[in-house]
Amino acid sequence: MSDVDDKTAFERRLVALLERDADTTSAHVRSRLTQARHAALAQAAQRSGWLRRGLVVRRVWMPAAGALVAALVWVMLLGPRRAAPAPPFTANAGALAAEDVSLLSDRDGLALVQDGDGQFYEWAAAQARLAPQTGAEAVESNENGG
Amino acid sequence: MPAALRGDVDRSHSNAQTAQHALSQFLASVELKAFRIAQTALRHEDDALDAVQDAMLQLARAYADRPAAEWKPLFYRILENRIRDVQRRRSVRNRVMAWLPFHQESDEADDPLATVQSPELPVPQRIELDETMAALQSALNALPQRQQQVFLLRALEGLDVAQTARAMGCSQGSVKTHYFRALRALRAQLGDPT
Chain A
4 MSDVDDKTAF ERRLVALLER DADTTSAHVR SRLTQARHAA LAQAAQRSGW LRRGLVVRRV
64 WMPAAGALVA ALVWVMLLGP RRAAPAPPFT ANAGALAAED VSLLSDRDGL ALVQDGDGQF
124 YEWAAAQARL APQTGAEAVE SNENGG
Chain B
6 MPAALRGDVD RSHSNAQTAQ HALSQFLASV ELKAFRIAQT ALRHEDDALD AVQDAMLQLA
66 RAYADRPAAE WKPLFYRILE NRIRDVQRRR SVRNRVMAWL PFHQESDEAD DPLATVQSPE
126 LPVPQRIELD ETMAALQSAL NALPQRQQQV FLLRALEGLD VAQTARAMGC SQGSVKTHYF
186 RALRALRAQL GDPT
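Read top to bottom, the protein sequences are chains A and B.
So the first sequence is residues 4 to 149, counted in our numbering.
So the second sequence is residues 6 to 199, counted in our numbering.
Right under this line is the structure:
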């Protein structure tokens with residue numbers, strides 16, 4: 004088998020003939036081939052442009068997107084738990100009123116009466132007797148021997 | 006954009022330009038021979054031009070980032086596939102057209118460039134070349150397709166046995182056999198005093 008370098012004279016003649024013929028190709032064909040080449044190069048340039056844009060996306064936007072996702076995951080999994088909402092005031096109003104009454108009716112309050120400023124408490128008790136008695140005041144007056 | 010990234014992008018841009026230039030040179034170096042090979046196989050100028058254009062586009066689209074040393078076998082492999090596609094389509098079309106009652110060849114408008122020959126050769130030499138080339142073309146046309154392609158890839162394009170085998174999608178032994186038989190047939194057709 005002859006290789007490129009050791010062709011027979013016959014092969015060399017054929018090759019020379021083919022090459023000369025290729026060199027004398029018509030202008031029409033050369034023009035079409037040039038157009039085809041430019042189209043192929045434009046496509047290659049477009050593709051490499053996409054690859055370059057892909058590099059920017061990979062190097063800039065992907066880390067940013069990764070950080071954003073990590074932050075979201077942290078907030079969802081490890082972030083501070085939200086406190087349960089406080090019940091509306093109206094639902095608790097009765098309990099608070101009862102607490103106030105119990106404070107007023109506390110036996111420790113007697114110590115204040117005995118220790119001093121008794122006139123004020125006597126006056127306050129008189130005022131309370133004049134007004135219609137609430138349940139709690141009635142209990143208090145009974146306890147005070149009224 | 007950070008400086009490091011800008012550097013990477015600039016480097017990538019510069020590499021792309023270098024690759025683009027290399028690809029341009031490669032395509033310019035093979036286009037005429039590729040056209041001659043396609044025309045010998047297809048015996049139709051426009052079909053041959055379309056096949057070469059498709060091969061160029063496919064190479065640029067899919068293999069432009071491969072090493073330049075791989076381009077030639079890849080390009081001729083693609084061209085070989087395109088030639089086969091055209092032949093297959095033509096065969097189907099001919100079978101369909103044979104059934105149609107009013108089948109006519111399409112008359113395309115003549116392109117003035119089509120008749121312009123290269124002005125490099127004087128007329129007597131041109132005529133002699135045309136006659137010799139016509140004889141060679143006739144002998145090539147008489148070869149089986151594979152022998153024809155192997156001969157042109159080896160002789161005209163200068164691919165070695167391994168590259169031709171890659172381009173043709175066959176073994177190196179097969180390439181050697183096809184080339185030997187092609188040479189023997191051409192010698193018998195054209196006459197070889199040596």
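Even glycine gets a Cβ: it sits at the ideal position worked out from N, Cα and C.
Since the structure is predicted, the reported quantities are computational estimates derived from the model, not experimental observations.
Give me the chain A residues within the contact set of Leu47 (chain B), using Cβ-Cβ distance strictly less than 9 Å, ordered along the chain. Per Cβ cutoff of 9 Å: no residues; Leu47 (chain B) is ~13 Å from chain A at best.
Compare the beta carbon distance of Gln44 (chain B) and Glu50 (chain B) with 8 Å and say whether it is the shorter of the two. Closer than 8 Å, so yes.
How long is the line joining the alpha carbons of Arg16 (chain A) and Leu47 (chain B), rounded to whole angstroms? Cα-Cα distance, rounded: 24 Å.
Are the CB atoms of Arg186 (chain B) and Gln152 (chain B) nearer to each other than 8 Å? yes
CB contact below 8 Å: Thr137 (chain B) versus chain A: yes
Are the region 59-67 of chain B and the region 154-168 of chain B touching, with three or more C-beta to C-beta distances below 8 Å? no
Starting from Leu20 (chain A), find everything on chain B with Cβ-Cβ shorter than 8 Å and list it in chain order. Correct list: Leu134, Thr137, Met138, Leu141.
Thinking just about the alpha-carbon of each residue, which of B:Ala167, B:Ala74, B:Ala39 is nearest to the one in Leu84 (chain B)? The shortest C-alpha to C-alpha distance from Leu84 (chain B) to any of B:Ala167, B:Ala74, B:Ala39 is the one to B:Ala39.
Beta-carbon gap between Leu148 (chain B) and Arg41 (chain B) smaller than 8 Å: no
is_contact[Asn40 (chain B), chain A] using C-beta, thresh 8 Å: A small correction: the amino acid at residue 40 (chain B) is Phe; Asn does not occupy that position in the sequence shown. For Phe40 (chain B), the answer is yes, since a Cβ of chain A falls inside 8 Å of its Cβ.
Length of the line joining the Cα atoms of Leu188 (chain B) and Val180 (chain B): 12 Å
Of the listed residues B:Ser96, B:Arg82, B:Lys77, B:Ala60, nearest to Phe31 (chain B) (C-alpha basis): B:Lys77
To which residues of the same chain is Tyr184 (chain B) closer than 7 Å at the C-beta, ignoring the five residues directly before and after it? Close CB contacts of Tyr184 (chain B) within its chain, under the 7 Å cut and outside five residues either way in sequence, are with Val155, Phe156, Arg159 (chain order).
Short CB-CB distance (under 8 Å) between Leu17 (chain A) and chain B: yes
Separation of Ala53 (chain B) from Thr11 (chain A), as counted between CA atoms: 30 Å
Roughly how many whole angstroms lie between the Cα atoms of Ala199 (chain A) and Glu136 (chain B)? With chain A covering 4 to 149 only, the question about residue 199 (chain A) has no answer from this structure.
Taking just the CA atoms, how far does Gly69 (chain A) sit from Glu36 (chain B)? 47 Å
Spatial neighbours of Thr182 (chain B) within its chain, please: CB distance less than 6 Å, with the 5 preceding and 5 following residues excluded, ordered by chain position. none
Suppose the cutoff is 8 Å on Cβ atoms and the five residues either side in sequence are ignored; what does the same chain contact list for Asp70 (chain B) look like? Ala24
For Gln92 (chain B), the nearest candidate out of B:Leu195, B:Ala56, B:Leu191 (CA to CA): B:Ala56
Alpha helix (DSSP H) segment containing Ser179 (chain B), residue limits: 177-195
Could you give the distance in angstroms between the alpha-carbon of Ala27 (chain B) and the alpha-carbon of Ser29 (chain A)? A direct Cα-Cα distance of roughly 25 Å separates Ala27 (chain B) from Ser29 (chain A).
In whole angstroms, give me the CA-to-CA distance for Phe13 (chain A) and Asn20 (chain B). 44 Å
In terms of residue numbering, what span does the alpha helix (DSSP H) encompassing Ser29 (chain A) cover? Unbroken run through Ser29 (chain A): none, as it is neither H nor E.
Please tell me whether Met138 (chain B) and Asp26 (chain A) are closer than 8 Å, where the distance is taken between their beta carbons. no
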